[in-house]
């Protein structure tokens, strides 16, 4: 079965069969996609952070210009990787050191595509605590940035930026995801 996408970057089996469309894998992906869809539906309760970003008097800081530029850079990167983007597209980013080679974002984007979520998941490398601080500040301001997935070496450093921790994060004294 051909996916119909000639320039599809997804891996192919030797016989040309799209591995994402094989029976067993497709079943797993469908279940995972359903879970992801439910998670992103829960996140729709988020307050209008974009308005705060535009408000130069906002306590969220700096009128949000940096945040708006950051979202524009995510839109550009998503477009370069051929993920569909429009003004309503939301972003989840994998934040850490050496994350650009992570294969997980392609899988998550495929799952998001399967459930027709207008969300793009991208890796974003940071190399200092100051960069992490800036990303968290932008996250707090932008309605379009809905999740930060924290990778090493920032799982512990991210804690100081949070208002509260889940029980598992308290026990581990590390953070995997900020929503």
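In my numbering, the protein residues as written are 118 to 296.
Beta carbons: idealized from backbone N, C-alpha and C, even for Gly.
Remember, predicted model here, so these are calculated numbers, not experimental data.
Taking residue i as the reference, which of the options has the closest Cα?
| i | options | result |
| --- | --- | --- |
| residue 274 | 240, 260, 290 | 290 |
| residue 220 | 199, 240, 204, 201 | 240 |
| residue 235 | 246, 247, 192, 296 | 192 |
| residue 217 | 198, 257, 207 | 198 |
| residue 266 | 233, 296, 246, 190 | 296 |
| residue 246 | 285, 233, 231, 276 | 276 |
| residue 231 | 282, 257, 200 | 200 |
Quick one: what's got a C-beta closer than 6 Å to residue i's C-beta in the same chain, skipping five residues either side?
| i | result |
| --- | --- |
| residue 255 | 184, 187 |
| residue 238 | 209, 222, 225, 226 |
| residue 278 | 253 |
| residue 250 | none |
Between residue i and the rest of its own chain, which residues show a CB-CB distance below 8 Å, the 5 nearest in sequence each way excluded?
| i | result |
| --- | --- |
| residue 214 | 242, 243, 244, 268, 269, 270, 271 |
| residue 202 | 192, 195, 196, 237 |
| residue 206 | 192, 195, 235, 236, 237, 261 |
Our contact map puts residue i next to residue j with C-beta atoms below 8 Å; I'd like the distance itself, whole angstroms only.
| i | j | result |
| --- | --- | --- |
| residue 211 | residue 222 | 6 Å |
| residue 294 | residue 264 | 6 Å |
Which of helix, strand or coil does DSSP assign to residue i?
| i | result |
| --- | --- |
| residue 222 | helix |
| residue 272 | coil |
| residue 214 | coil |
| residue 242 | strand |
| residue 259 | coil |
| residue 277 | helix |
| residue 283 | coil |
| residue 207 | strand |
| residue 296 | coil |
| residue 234 | coil |
| residue 183 | helix |
| residue 288 | helix |
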